[in-house]
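A.B. asks: Please read through the structure below; I'll follow up with questions.
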Amino acid sequence: MMNTRIWHTTPLYHRIGPVTSRSAALDNFGNYYMRLFFKYFFKTAQYIIGPIMLLWDTLTSPRGIVRDPAVQQQIDASTDKLVLYEFRMCPFCIKARRAIKRLSLNIETRDAMRQETSRQELLAGGGTVKVPCLKITDDAGDATWMYESSDIIAYLQARFA
Ligand SMILES: N[C@@H](CCC(=O)N[C@@H](CS)C(=O)NCC(=O)O)C(=O)O
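Following the numbering used here from start to finish, the sequence shown increments by one per residue and tops out at 220.
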């Protein structure tokens, strides 16, 4: 009778203590392979989806706005102070590059995945290797590192649209 009472009031994890530790070991084992699976799944997906996105981007490339040459020259002088750090196949970078194209801006791009120097510049200046990141240098030579594709696009639209 006493035993029955204990059985009913003891929490489940006490009753199946030894099994729990075995399942914890199994969980760790499972988590390790799960993580491995996800890592390679997304890497593979990236290499399949990436080129498709690039092709789509090329085929549907937006038409840039046409400005008076004198105005475009002024804008080119301003965008000389901007650098976009990017990865070629990052969807957020494609989004930012399309906005740049739409606005007909001549902004230098640096590949932070393939060029080690660009990667180091981004890490040292911006604090993290996350792309896209727009480096904005002011007239005094001070740099601001802007992350987030939506913020970058909003900034460019507010300045150049
Ligand atoms: N919310 C961000 C997402 C940017 C993002 O996740 N970029 C990826 C490449 S597609 C990246 O830099 N990953 C590296 C990291 O997060 O450390 C944006 O819209 O810009």
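No residue lacks a Cβ here, since even glycine has one placed at the ideal position from N, Cα and C.
Please list, in chain order, all residues of the same chain as M93 whose beta carbon is under 6 Å from its beta carbon, the five residues on each side excluded.
C.D. replies: For this step, residue 93 is matched to residue 34 along the sequence shown. If we look at M93 and ignore the five residues flanking it on each side, it has no Cβ neighbours.
A.B. asks: Sorry if obvious, but does the Cβ on P150 come closer than 7 Å to a heavy atom of ligand 1?
C.D. replies: Within the sequence shown, the letter at position 91 stands for residue 150. Yes, ligand 1 has a heavy atom inside 7 Å of this Cβ.
A.B. asks: Where does M172 sit, in a helix, a strand or coil, going by DSSP?
C.D. replies: Along the sequence shown, one-based indexing puts residue 172 at 113. Coil, per DSSP.
A.B. asks: Which residue's Cα is closest to the Cα of I159: I195, F101, Q216, N87?
C.D. replies: Here residue 159 refers to the residue found at position 100 when the sequence shown is read from its first residue. For I159, the nearest C-alpha among the options comes from Q216.
A.B. asks: Spell out the partners DSSP gives W204 in its beta bridges.
C.D. replies: In the sequence shown, counting from the first residue as 1, residue 204 sits at position 145. The partner list for W204 (beta bridge, DSSP) reads K194.
A.B. asks: Buried or exposed for I153, please, with buried defined as at least 16 other CB atoms from any protein chain shown within 10 angstroms of its CB.
C.D. replies: Start at 1 with the first residue of the sequence shown, and residue 153 comes out as number 94. By the neighbour-count rule (16 or more Cβ atoms within 10 Å), I153 is buried.
A.B. asks: Ignoring anything shorter than 3 residues, give me the beta strand (DSSP E) runs that lie fully in the region 136-163, in order along the chain.
C.D. replies: 141-145
A.B. asks: Please state if the CB of M148 and the CB of L113 are separated by a distance shorter than 8 Å.
C.D. replies: The sequence position of residue 113 within the sequence shown is 54, counting from 1. The sequence position of residue 148 within the sequence shown is 89, counting from 1. A contact, by the Cβ cut-off of 8 Å.
A.B. asks: Given this structure, state the Cα-to-Cα distance separating A199 from S137, to the nearest angstrom.
C.D. replies: Within the sequence shown, numbered from 1, the residue matching residue 199 stands at position 140. Within the sequence shown, numbered from 1, the residue matching residue 137 stands at position 78. Roughly 14 Å between the two C-alpha positions.
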